[in-house]
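Chains as they are written, first to last, in the numbering used here: chain A, 1 to 15; chain B, 1 to 165.
One structure below.
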Amino acid sequence: LGEESEERDDHLLPM
Amino acid sequence: GRLKGKSGRGLGDKATDPSMSEQDWSAIQNFCDQVNTDPNGPTHTPWLLAHKIQSPQEKEALYALTVLEMCVNHCGEKFHSEVAKFRFLNELIKVLSPKYLGSWTTEKVKGRIIEILYSWTVWFPEDIKIRDAYQMLKKQGIIKQDPKLPVDKILPPPSPWPKSS
């Protein structure tokens, strides 16, 4: 479950 | 915790020491060995390297980029998966993008990062985030064209260890 939320929060920086 | 050699000095510092005129391959090899031994190595090391890659000292940044490449090739799946997340890739993007650190990063460092990112899109096509980050950098004009990979990068990883001069 921890891993899933980590995935959800993993976003590309606006460039 | 910091990865330390017998001298107590951080192995990461030794492998990226800008006062060295050439890359110290045995220091890098020691560093990779330590990353593989330390249970926290694969999760902490990418951040240690990101910090050095963002160094205002060009040489330190360049050495750290080489260490990063070698670690991706030699430190296993866990290290690789940390580096393949946006969380880490963003640290490289910051060095390239004028929105963040790009305005005061040398072309040499930027060129190396682009080369490394591109080579990862070639060798790890399953890493969608690496591909997405690279494509976005191109779309934004931060990467103008795909770099030509040097001859020693044409072989897929794991790359052989260069001999220390």
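Glycine included, each C-beta is placed from N, C-alpha and C at the ideal position.
task: Compare the C-beta of Arg131 (chain B) against all C-beta atoms of chain A and say whether one is closer than 8 angstroms.
output: no
Own chain residues within Cβ distance below 8 angstroms of Ile130 (chain B), not counting five before or after: Ala84, Leu89, Leu117, Trp120, Thr121, Phe124
query: Do the CB positions of Leu92 (chain B) and Val67 (chain B) come within less than 8 angstroms of each other?
result: no
field: Helix, strand or coil at Gly168 (chain B) according to DSSP, with G and I counted as helix
entry: One cannot answer for residue 168 (chain B) here, as it falls past the ends of chain B, which runs 1 to 165.
query: At what residue ranges does the region 52 to 130 of chain B contain a whole run of the alpha helix (DSSP H), taking only runs of 4 or more?
result: 58 to 74, 76 to 83, 86 to 96, 107 to 123
message: Taking the straight line between their C-alpha atoms, what separation do you get for Glu4 (chain A) and Glu82 (chain B)?
response: 14 angstroms
Extent of the continuous alpha helix (DSSP H) run through Trp161 (chain B): Unbroken run through Trp161 (chain B): none, as it is neither H nor E.
field: Reduced DSSP category for Ala27 (chain B) - H, G, I as helix; E, B as strand; rest coil
entry: Looking at Ala27 (chain B) - three-state DSSP - the assignment turns out to be helix.
- request: Give the secondary structure of His11 (chain A) by DSSP, where H, G and I count as helix, E and B as strand, and everything else as coil.
  value: Correct three-state label for His11 (chain A): coil.
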